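In UniProt numbering, the protein residues as written are 1 to 312.
Below you'll find the structure, written out as structure tokens, and then a few comments.
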Amino acid sequence: MDGVNHSMVSELVFLGLTNSWEIQLLLFVFSCTFCMASMVGNSLIILTVTSDRRLHSPMYFLLANLSFIDLGVSSVISPKMIYDLFKKRKVISFSGCITQIFFVHFIGGVEMVLLIAMAFDRYVAICKPLHYLTIMSQNMCILLLVAAWIIGLIHSVVQLIFVIKLPFCGPNILDSFYCDFPRFIRLACTDTYRLEFMVTANSGFISLGSFFILIVSYIFILITVQKQSSGSSSKALSTLSTHVMVVVLFFGPCIFVYIWPHPTSHLDKFLAVFDAVLTPFLNSIIYTFRNKEMKVAMRKVCSQFIIYRRIS
């Protein structure tokens, strides 16, 4: 990878989150706890959806895939961040930095499309219930999933094609704890104004546009729900509120990091920690504790596992 862009920089140094030992210890406990909880929670969702026939529906199919992506989110940034917390010199190789950027945007792009697909699923279920199984067929679900992975791949690769051609001859210090386009591009030994604008347009405005599309679609669904009977309305409102919370948790930090005109290092780091550590955990909690079918199915899976352990 170094030879591709004729770079003199072979490694990058992170400044990290803080120099305070007490805060580092707190972050270590916080990150380890929520990373483990996120991995267990999202794995349990995938296992529950795949093992319970009652959950073999388009909504839970998309939810299981979202949980799979959240496992990726927990694996791309958090392990390196936790490993570096108590190290004086936090280093990542140039190729490792490029790889991390690729997966951050690849997984982010896939999740963005999956959230839009889940909004479309709720729109069809609430606004066109009689045609739901026809529209949200197995082929449609697979098509949405394939589209999510392809769009995520294109979103990441298009930006990297331009970045790996930049000359990096120093400095090699990133005021962060992980690699991402905005700060990485500024290390290049050339004018990067146009490239920074392209990254903002690619990541920032796409995030902002997708966020507004989702919010408008949920408002439209909400108007439709209010016209229905109170029983179905309350259940639909509960489902919609769950989706809206997840959308805000995902898009909020993305929009701020890429579009805010006066970024601050400390706030960017806080949002990055929130996005990498807490959001995948909250997604699993929101979708399980606000869904009766998931809670019942999870209890069944857990009880079967306990019985199996006792027998073995």
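Just so it is clear, CB atoms sit at the ideal spot from N, CA and C, and this is done for glycine as well.
Remember, it's a predicted structure, so these values are computed and weren't measured experimentally.
Backbone secondary structure at SER93 - three-state DSSP: strand
Per-residue burial, ARG122 [other beta carbons within 10 Å of its own, 16 or more giving buried]: buried
Simplified DSSP assignment, three categories, for LEU26: helix
8 Å contact criterion, which LYS300 and ASP52 should meet: CB distance rounded: 7 Å
MET175 classed as buried or exposed, judged by whether at least 16 other C-beta atoms fall within 10 angstroms: It is worth fixing the name first, because residue 175 is Asp in this sequence and not Met. Exposed.
Unbroken alpha helix (DSSP H) run spanning PHE220, endpoints: 206–226
Where the beta strand (DSSP E) containing LEU12 begins and where it ends: 11–14
Beta-bridge partners of ILE173, as assigned by DSSP: VAL13
Coarse secondary structure for ASP191, derived from DSSP in three states: coil
Straight-line gap, THR242 to PHE168 (C-alpha atoms, nearest Å): 44 Å
Meets three-Cβ-pair contact criterion under 8 Å: the stretch 28–44 and the stretch 75–83: yes
Span separating the alpha-carbon of ILE101 from that of THR200: 15 Å
Buried or exposed by the 16-neighbour rule on C-beta atoms within 10 Å, applied to ARG310: exposed
Whole-number beta carbon distance between ILE98 and ILE164, since they are thought to touch under 8 Å: 6 Å
Contact between the stretch 251–259 and the stretch 8–24 (3+ Cβ pairs under 8 Å): no
Length of the line joining the Cα atoms of ALA188 and GLY170: 7 Å
Pairwise C-alpha distance: LEU55 and LYS292: 12 Å
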